[in-house]
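In our numbering, the protein residues as written are 10 to 72. Backbone N, C-alpha and C fix where the C-beta goes; we use that ideal spot for every residue, glycine too. Have a look at the structure below, then the notes.
Next up, the structure:
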């Protein structure tokens, strides 16, 4: 990942980098990898996330 620093504005470049990493899912992945997650727990978490996505999508459609 690359971010260009324009006019020595490092703060803005860091903000852009953080935004790109966040959209990329880097921070979420980092949080998940801090400790080992058992396969059964991982499966339950993924199912719960999928369920939340479905409910959110249904709300957007107006159901």
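Extent of the continuous alpha helix (DSSP H) run through residue i
i: residue 54; result: 48 to 70
i: residue 22; result: 19 to 33
Sequence-distant residues of its chain with Cβ nearer than 6 Å to residue i (five each side left out)
i: residue 26; result: 12
Closer than 8 Å to chain B by CB, residue i
i: residue 27; result: The chain labelled as chain B is not found in the depicted structure, where only one protein chain is given.
| Using 8 Å as the threshold, is the region 47 to 58 in touch with the region 27 to 36, meaning 3 or more CB pairs across them? | no
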